[in-house]
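Novice: One gets the working numbering by counting positions in the sequence shown from 1 and adding 170 to each. Glycine included, each C-beta is placed from N, C-alpha and C at the ideal position.
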Amino acid sequence: MADPGYERILSQLKLALLNDCGCEDTLFRAEEEARDAGLSGVDIDAALGERSFDVRAMAVLAFGCALKNGDAAALYSARARALAVGLTAEELDFFTGFVSEFWGLAQKR
């Protein structure tokens, strides 16, 4: 999963997961990481709104946010959509682990 494409998606996913974070320092660092990954200001704003202009990234954001929120119906729908746009079950397992680890760490801050 060291594919450079994942760096952009993971940056977007971090922003989407942190969109309701009240910590300016945490958001600032996530936005800096996103810029370093090649995201534009518009991409960053979209991710903070749990959106992306890329269909695969959008599927990952919906999947990750459903995991974060514990919404089983949204998770089922997001998983089906992600598979339909070409993500694999292995990729979804990777993103599940990422969200679990990231959100667990983010909650401790």
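Taking all protein chains shown into account, do 16 or more other C-beta atoms lie within 10 angstroms of the C-beta of SER210, making it buried, or fewer, making it exposed?
Specialist: exposed
Novice: How big is the Cα-Cα spacing for ALA244 and ILE214?
Specialist: Between ALA244 and ILE214, the C-alpha separation is close to 23 Å.
Novice: Consult DSSP for ARG221 and reduce its assignment to one of helix, strand or coil.
Specialist: coil
Novice: For VAL230, count neighbouring C-beta atoms within 10 Å of its own C-beta (all shown protein chains included) and say buried if the count is 16 or more, exposed if not.
Specialist: When all chains shown are included, VAL230 counts as buried.
Novice: In the structure shown, what three-state DSSP assignment does ALA216 receive?
Specialist: helix
Novice: With a Cβ-Cβ cutoff of 7 Å, do ALA216 and ALA186 count as a contact?
Specialist: Between ALA216 and ALA186, the CB-CB gap reaches or exceeds 7 Å.
Novice: Which of helix, strand or coil does DSSP assign to CYS235?
Specialist: Reduced to three states, the DSSP call for CYS235 is helix.
Novice: Once you ignore the five residues that flank GLY256 on each side, which residues in its own chain have a CB closer than 8 Å to its CB?
Specialist: ARG226
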